[in-house]
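Q: Going by my numbering, the letters in the sequence shown line up with residues 1 to 301, in that order.
This is the structure I want to talk about, given as structure tokens.
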Amino acid sequence: MVQRLFSKAIVGAAAIALLGAASASAEETTVRFEVAGQEVVGTLETSEGAENAPIVLMLHGFTGSRDELAVKDTDEGVFSRIARQFSENGFNSLRIDFRGSGESDGEWAATTFSSQIADASAAIDWIKSQDQFMDSKLVVLGWSQGGLVASHAVQENEMVDAVVLLAPVTHPMLTYGGLLGSEAIQKALASPADTPITTQLPWGVETTLNAAFYHEVATTFPTAAISGYTGPLLVVMGDRDEVIAPQPYPGKAWMNYHHGDEALIILDTDHVWSAMEGPALIDEQLMPEITAWLGTALAAE
């Protein structure tokens, strides 16, 4: 079931499903660029046969990496599967590992929202510095914490043509209070920024982050950031999401603070797009909704 709770009509060629020509083949290339003297690693997936095709910058979530969570019964992660389907529909994409995650330089404990926002901003600059993408429409897509990061990276950035937020962190203290625990948060807020804080995540894994991460949890407001972006915005939430909850209120919050063409879609799924059950929801609902919306939004720009 798909709920479209809020949508401002985008003036333009609404019948256009996609801007790029569909492509049956794509090429993956590893790219590297530096941020503050550290290397950020990403996967560039380019679609053949579509000159100046749109490109999507994909930002992963908390404790994730650029391919993201494995999708049951496939050999792909959520992001690598989404990237492949983008390429099949005429979109290029770049998915990056934030510093401290995946193959990028840096220590996980030193990760902060600010460091990830810097990585995302550098990735936007890298994309637009490449001859092949200088005239391409640029979309920024963020999942979960990646959505929080995206909201800051796109504010007042004239190079960004559309934003897609998938189950974005909306109220950081509420979300990370559930993930990290109120005891860890209180300890971190009373500690110097470089103090390591170890806590257990709900799925049983221990994680250590410096107190600086927690300090930013208390001082970061992604819906305030999105008010500085006036381009097209799509927010997709899951009505069974227990991480970004209670729905539909976090989704509606983005509509309240963004000023421009926008849509909120709520799918019957959890925070990970039912990836632990298989690829059906991603293939049959999530990606068709995203690509159809982008086709209309980018055609109107």
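Even glycine gets a Cβ: it sits at the ideal position worked out from N, Cα and C.
1. Just to confirm the assignment: which complete alpha helix (DSSP H) runs, minimum length 4, are found wholly within the region 217 to 251?
2. In the DSSP assignment, what are the bridge partners of P196?
3. In whole angstroms, what is the alpha-carbon distance linking D261 and Q3?
4. Which term fits L180, buried or exposed, when burial requires 16 or more other beta carbons within 10 angstroms of its beta carbon?
5. Does the region 163 to 170 touch the region 224 to 244, meaning 3 or more C-beta pairs lie closer than 8 Å?
6. Is A21 helix, strand or coil when you go by DSSP?
7. Comparing alpha-carbon positions, which option in E107, I117, F33 and E76 lies nearest L59?
8. Applying the 10 Å Cβ sphere with the 16-neighbour rule, what's the burial state of Q85?
9. Kindly confirm or deny that the region 89 to 106 and the region 26 to 45 touch, where touching means at least three C-beta pairs closer than 8 Å.
10. Quick check on this structure: which residue in T199, T175, M255 and Q247 has the alpha carbon closest to the alpha carbon of V217?
11. In the DSSP assignment, find the beta strand (DSSP E) that holds G142 and state where it starts and stops.
12. Looking at C-beta atoms only, is the number of pairs between the region 207 to 217 and the region 141 to 155 that lie closer than 8 Å three or more?
13. Tell me whether M287 is buried or exposed, calling it buried when 16 or more other Cβ atoms sit within 10 Å of its Cβ.
14. Span of the beta strand (DSSP E) holding L93?
15. Please check the pair S104 and E34, which I expect to be a contact at CB under 8 Å, by giving their CB distance rounded to whole angstroms.
16. Among the residues of its own chain, which have a CB less than 8 Å from the CB of G231, if the five just before and after it don't count?
17. In whole angstroms, give me the CA-to-CA distance for I244 and A188.
18. In this structure, does DSSP put A122 in helix, strand or coil?
19. What do you reckon, are the CB atoms on A150 and A110 nearer than 8 Å?
20. State the start and end residues of the unbroken beta strand (DSSP E) segment that holds A26.
21. List the whole-angstrom C-beta distance separating F79 from R66, where the pair is believed to meet the contact cut-off of C-beta under 8 Å.
22. In chain order, what residues of the same chain lie with their CB nearer than 7 Å to the CB of A15, ignoring the 5 residues before and after it?
23. Quick one: complete beta strand (DSSP E) runs, 3+ long, within the region 245 to 291?
24. Are there 16 or more other CB atoms within 10 angstroms of the CB of S87, so buried, or fewer, so exposed?
25. Can you say whether A225 is buried or exposed, counting buried as having 16 or more other CB atoms within 10 angstroms of its CB?
A: Let's see:
1. As far as the region 217 to 251 is concerned, its whole alpha helix (DSSP H) runs of at least 4 residues are 222 to 226.
2. In the DSSP assignment, the residues bridged to P196 are N210.
3. One C-alpha to the other measures close to 18 Å.
4. Label assigned to L180: buried.
5. Touching, yes, given that three or more Cβ pairs across the two stretches are closer than 8 Å.
6. With a pLDDT of only 49 at A21, under 50, the local geometry of the prediction cannot be trusted, and the value read off the model is given with reservation. If DSSP states are grouped into helix, strand and coil, A21 belongs with coil.
7. Taking each of E107, I117, F33 and E76 in turn and checking the Cα distance to L59, the smallest one comes out for I117.
8. Around the Cβ of Q85, a 10 Å sphere holds 16 or more other Cβ atoms; the residue is buried.
9. With the cut-off at 8 Å, the region 89 to 106 and the region 26 to 45 touch.
10. Taking only the C-alpha atoms, the option nearest V217 is T175.
11. Counting along the chain, the unbroken beta strand (DSSP E) around G142 starts and ends at L138 to W143.
12. Touching, no, given that fewer than three Cβ pairs across the two stretches are closer than 8 Å.
13. Classified as buried, M287 has 16 or more neighbouring CB atoms from the shown chains inside 10 Å of its CB.
14. The amino acid occupying residue 93 in the given sequence is Ser; Leu does not appear at that position. Here the beta strand (DSSP E) through S93 covers N92 to I96.
15. About 10 Å; that fails the 8 Å criterion.
16. Hits under 8 Å: V154, V160, D161, A162, V163, G260, D261 and E301.
17. Answer to the nearest angstrom: the Cα atoms are 22 Å apart.
18. In the structure shown, A122 adopts helical secondary structure according to DSSP, grouped into three states.
19. For the 8 Å CB-CB criterion, A150 and A110 do not form a contact.
20. Per DSSP, the continuous beta strand (DSSP E) segment holding A26 begins and ends at A26 to V35.
21. The beta-carbon separation of F79 and R66, rounded to 6 Å, stays under the 8 Å limit for a contact.
22. Note on A15: pLDDT 31, under 50, position unreliable in the model; the coordinate value appears next. Counting only Cβ-Cβ distances below 7 Å, and skipping sequence neighbours, we find nothing.
23. Qualifying beta strand (DSSP E) stretches, in chain order: 262 to 267.
24. Buried is the call here.
25. Within 10 angstroms of the beta-carbon of A225 lie 16 or more other beta-carbons, which makes it buried.
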